[in-house]
Every structure is written in C-alpha cells, then in structure tokens.
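Q:
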Amino acid sequence: MADMPIRILIVDDHPLLREGVAAILEDRADIVVVGEAGGGAEAVERFRTLQPDVTLMDLQMPGMNGLEAIVAIRGEFPQARILVLTTYAGDVQAVRALKAGATGYLLKSSLRTEMLDAIRNVHHGRRHVHGDVAAEIALHVTDETLSEREAAVLRLVAIGKANKEVAHALSLSEETVKAHLKNIFAKLDVTDRTHAVTVAARRGIIEL
1 MADMPIRILI VDDHPLLREG VAAILEDRAD IVVVGEAGGG AEAVERFRTL
51 QPDVTLMDLQ MPGMNGLEAI VAIRGEFPQA RILVLTTYAG DVQAVRALKA
101 GATGYLLKSS LRTEMLDAIR NVHHGRRHVH GDVAAEIALH VTDETLSERE
151 AAVLRLVAIG KANKEVAHAL SLSEETVKAH LKNIFAKLDV TDRTHAVTVA
201 ARRGIIEL
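Counting from 1, position 104 in the sequence shown corresponds to residue 104 in full-length UniProt numbering; the numbering is continuous, with no gaps.
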C-alpha cells in the first residue's frame, strides 16, 4: 500500500543511539519504528519476527557483528533492505558491507541531516551511500587490495610487533615479512609502518 508507513528495525549495541534514532523518526508520518535489537543475533531474530521494510544496522557490535547479521538476514530474506549506520567512513569497510548485501551506507555523524532521505531511498530500492564514503570508494576503486597474509602482517605491526615477532607469529622468515611490508607500503602509497597502520585503519582494512 502506497500510504503505509515505512516500518523500521533499529540495530545498535548502544541504547542511547537507538533512542536517538527513534527520536528523529518518531514524528514522521511515513516512517514508524517497529522494533530494536542490541546485537547481530538478536537482529536476525527480530527481523524474522517483524520483517521490517528497512533495517538500520550498526557494524561494530560484540558477538555477531553487523556484517555477519547482514549476510544472515539476506541469506533468509534476499529482498531485505538494510541501511548501515556507522562511525567508519573507510572505503574498504563500506564495500565489504555493500557486497554483503547492504543497500545503503550512512555515517552516524549525518543522522540528523541525511537519515530520512537515506531510509526513503533504500525503501524505494535505490542505493544510498554517504558522499564522503562514495568519494573514498571512487578514489580507491583501482587500488590493488591487500592479500589476507599482508593484512595479517599489518594487524601484528599495528599492535607493536617487530618484524622478528611477526615472522614468528605467522611462521614466516623475516625476509618474507619485509617483502610483505614493502608490498603493503606500495599498495597503500605510504613510506613507513605507522602511516601504513593509520591508512589501513581509516579505510577499514584492519581494526585497531
């Protein structure tokens, strides 16, 4: 029915954020919040029960995270429309979420200015990606991605491990670790370990 309100499920592990989102939506004639969930597993259960029109999904949650919840929901309900709400503007994380089945990607910093349009766009089957994130995706679309092994090396570097310790942890030689770091620097267009970690975290390649 064209005059039926858009039914919303809010998923976030912070109750105050859920309350804030609900407060923004409560006076809208064409949008109604039908449920909330505090984690990924609960989100899947609530989705099964409520089958909302649009789900607002946080990514960073304990237990089952948002990406895993998106995959699980879309696996059961291929037509599910899911709008990611996150603090992370990284292009790699955004692409990961969109490939998992999200229809939109919105930054929490823009909830008051952009969320209503995003919900309506996603409900009508259109993608909605925050402008800054879309620009980052476009900027890096032709970049060579880090391999799983390179990402593993960088995660250990990020927690302060020296090359020898990285080599031991991953059962590699120090020379192989150095070769991986050289490749990582080239792919991320950086010249040192600290900058590599900073760029990788910002883009969502690794989590700090």
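Note that the Cβ used here is the ideal one computed from N, Cα and C, for glycine as well.
Nothing here was measured: the structure is a model prediction, and the numbers come from that model.
Quick check on the DSSP output: what are the complete beta strand (DSSP E) runs of length 3 or more inside the UniProt domain "Response regulatory" (7-123), in order along the chain?
A: 31-37, 54-57, 82-86, 104-107, all fully within the UniProt domain "Response regulatory" (7-123).
Q: Quick check: what's the CA-CA separation for ALA186 versus GLU45?
A: 44 angstroms
Q: Assuming HIS140 is part of the alpha helix (DSSP H), what are its boundary residues?
A: 131-140
Q: Tell me HIS180's beta-bridge partners as DSSP assigns them.
A: According to DSSP, HIS180 bridges with nothing at all.
Q: Skipping 5 residues on each side, what residues in its chain have a beta carbon closer than 7 angstroms to that of ALA72?
A: VAL44
Q: Going by other Cβ atoms of all chains shown within 10 Å of its Cβ, with 16 needed for buried, is VAL11 buried or exposed?
A: buried
Q: Name the two residues that bound the continuous alpha helix (DSSP H) containing VAL166.
A: 163-169
Q: Once the 5 residues before and after TYR105 are set aside, which same chain residues still bring their CB inside 7 angstroms of it?
A: For TYR105, where only same-chain residues beyond five positions count, the Cβ hits under 7 angstroms are VAL84, ALA94, ALA97, LEU98, VAL129, HIS130, VAL133.
Q: Report the rounded CA-to-CA distance for LYS182 versus ILE137, giving the unit in angstroms.
A: 24 angstroms
Q: Can you round the beta-carbon distance between VAL33 and VAL122 to whole angstroms, since I take them to be within the 8 angstroms contact cut?
A: That pair is no contact at about 15 angstroms.
Q: Looking only at its chain, what residues have a beta carbon closer than 7 angstroms to the beta carbon of LYS164, apart from the 5 residues adjacent to it on each side?
A: GLU174
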